[in-house]
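Read through the structure below, which is laid out as structure tokens, and then see the notes.
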Amino acid sequence: MNFGKILTEKEAQSVNGLVLAYVGDAVQSLYVRHQLATLGGFKAGELHKMSSSWVNAHEQAVLAEKLFDGLTENEQAVYLRGRNSKSHHKAKNQSGSDYRKATGFEAVLGYLYLTGNTDRICQLLGEVYENRR
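Take 13 as the starting number for the sequence shown in this note's numbering and just add one per residue.
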């Protein structure tokens, strides 16, 4: 699913790493919320607590480390660009290292989403969240 214009890889490569991360955070959040909502039997507050435990800088940093070697060369380059972006925000309750890794991971998801590669997003996130259901 995509809500608008699909960017070419060249166009997406010109998007700022922090903008890619901004989109990627929303993509991951929606993916996780979808997975949790389909479990059934939970109230909205419970779903929020569960999704917050899955989508945070520390968890994203762990995912980044777990998935990095399986990323394509292009995805690794996007990850590094996102991770090395200069943010003006401080990490909340997370180490700076985790925050940067999380930003890199989010950038990959944002890049994939903006280029219309939602199958790849589902492949990456599915590998991780399959066992958490």
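Backbone N, C-alpha and C fix where the C-beta goes; we use that ideal spot for every residue, glycine too.
Predicted, not measured: the structure shown is a model, and the values here were computed from it.
Which same chain residues end up closer than 6 Å to residue i when comparing Cβ atoms and leaving out the 5 residues on each side of it in sequence?
i     : result
ALA73 : ASP110, LYS113 and ALA114
ALA24 : TYR123, LEU126 and THR127
Is the beta carbon of residue i less than 8 Å from the beta carbon of residue j?
i      : j      : result
ALA233 : PHE117 : Past the boundaries of the shown model lies residue 233; the chain is included only from 13 to 145, so the question cannot be answered.
GLU87  : VAL120 : yes
LEU136 : LEU79  : yes
VAL44  : TYR141 : yes
Return the chain-ordered list of same chain residues with a C-beta closer than 7 Å to the C-beta of residue i, the five sequence neighbours on each side being excluded.
i     : result
ASP37 : GLU118
LEU19 : LEU126 and THR127
ALA33 : GLY94, THR115, GLU118, ALA119 and GLY122
Would you kindly work out how many angstroms separate the C-alpha atoms of residue i and residue j, rounded to a whole number?
i      : j     : result
GLY29  : ASP81 : 20 Å
ASN96  : GLN47 : 30 Å
ARG93  : SER26 : 11 Å
LYS98  : TYR91 : 14 Å
LEU83  : ALA56 : 33 Å
ASN129 : LYS22 : 14 Å
MET62  : PHE54 : 10 Å
ASP131 : VAL39 : 13 Å
Runs of alpha helix (DSSP H) wholly within the stretch 64-93 (minimum 4 residues, chain order): 69-79
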